[in-house]
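Accompanying notes for the structure given below.
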Amino acid sequence: YIKDEDGNQITNPNAPDVFKFSWMGAAVGSLIRPIGGVLSDKFGGAKVTMVAIVVCTAAAMGQAIVVQKTRELDEPEKNFGIFLFLFLVLFLCTGTMNGSTFRTIGVLFEPEIA
Numbered sequence: 003y004i005k006d007e008d009g010n011q012i013t014n015p016n017a018p019d020v021f022k023f024s025w026m027g028a029a030v031g032s033l034i035r036p037i038g039g040v041l042s043d044k045f046g047g048a049k050v051t052m053v054a055i056v057v058c059t060a061a062a063m064g065q066a067i068v069v070q071k072t073r074e075l076d077e078p079e080k081n082f083g084i085f086l087f088l089f090l091v092l093f094l095c096t097g098t099m100n101g102s103t104f105r106t107i108g109v110l111f112e113p114e115i116a
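Take any residue in the sequence shown, count from 1 to its spot, add 2: that is its number in our numbering.
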């Protein structure tokens with residue numbers, strides 16, 4: 003939201019259309035999932051998951067800072083690119099962790115159960 007001439011909060015007319023970008027998160031998460039599995043096979047599921055969690059946490063904190071700073075701007079749409087990038091990093095990390103989970107399940111459980 004932005005403030006109009008009277009100080010009322012209104013929807014930003016210059017805001018990007020989120021429907022043009024919302025599919026990207028699911029696509030990135032789905033496409034990176036097999037790579038998370040391959041990395042887990044090479045380096046171990048726990049290590050891959052740990053690194054992904056650290057990166058995911060940093061991206062989430064960065065996103066929180068961007069949102070807070072954007073609220074103070076007269077043209078908040080200028081930070082949309084940074085917000086979208088951090089959003090996609092979050093999906094990249096969760097897709098990687100999803101792939102590494104399959105590696106971990108195979109190690110933790112017997113083949114008949116897994």
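C-beta: ideal position from N, C-alpha, C; glycine also.
Neighbourhood of residue i by C-beta, 7 angstroms cutoff - its chain only, sequence neighbours within 5 removed
{"i": "R35", "result": "G97, N100 and G101"}
{"i": "D43", "result": "R105"}
Chain-order list of residues whose beta-carbon lies under 6 angstroms from that of residue i (same chain, five-residue window excluded)
{"i": "I84", "result": "V68"}
{"i": "T61", "result": "Strictly speaking, residue 61 in this sequence is Ala, with Thr absent from that position. Contacts found: L88, V91 and L92."}
{"i": "V109", "result": "none"}
{"i": "V57", "result": "C95"}
For residue i: DSSP bridge partner residues
{"i": "K5", "result": "Q11"}
Presumed contact (8 angstroms Cβ cut-off) between residue i and residue j, rounded CB distance
{"i": "V30", "j": "L90", "result": "5 angstroms"}
{"i": "P18", "j": "F82", "result": "5 angstroms"}
Cα-Cα separation between residue i and residue j, rounded to whole angstroms
{"i": "Q120", "j": "S32", "result": "Given that the chain is displayed from residue 3 to residue 116, the structure contains no residue 120 and the question cannot be resolved."}
{"i": "E112", "j": "W25", "result": "37 angstroms"}
{"i": "F23", "j": "V40", "result": "28 angstroms"}
{"i": "A48", "j": "T103", "result": "9 angstroms"}
{"i": "A54", "j": "N10", "result": "41 angstroms"}
{"i": "M52", "j": "D76", "result": "38 angstroms"}
Own chain partners of residue i with C-beta closer than 8 angstroms, once the 5 adjacent residues on each side are dropped
{"i": "V20", "result": "none"}
{"i": "D6", "result": "I12"}
The ligand MG heavy atom lying under 7 angstroms from the CB of residue i
{"i": "E77", "result": "The ligand MG is not among the ligands present in this structure, which contains no ligands whatsoever."}
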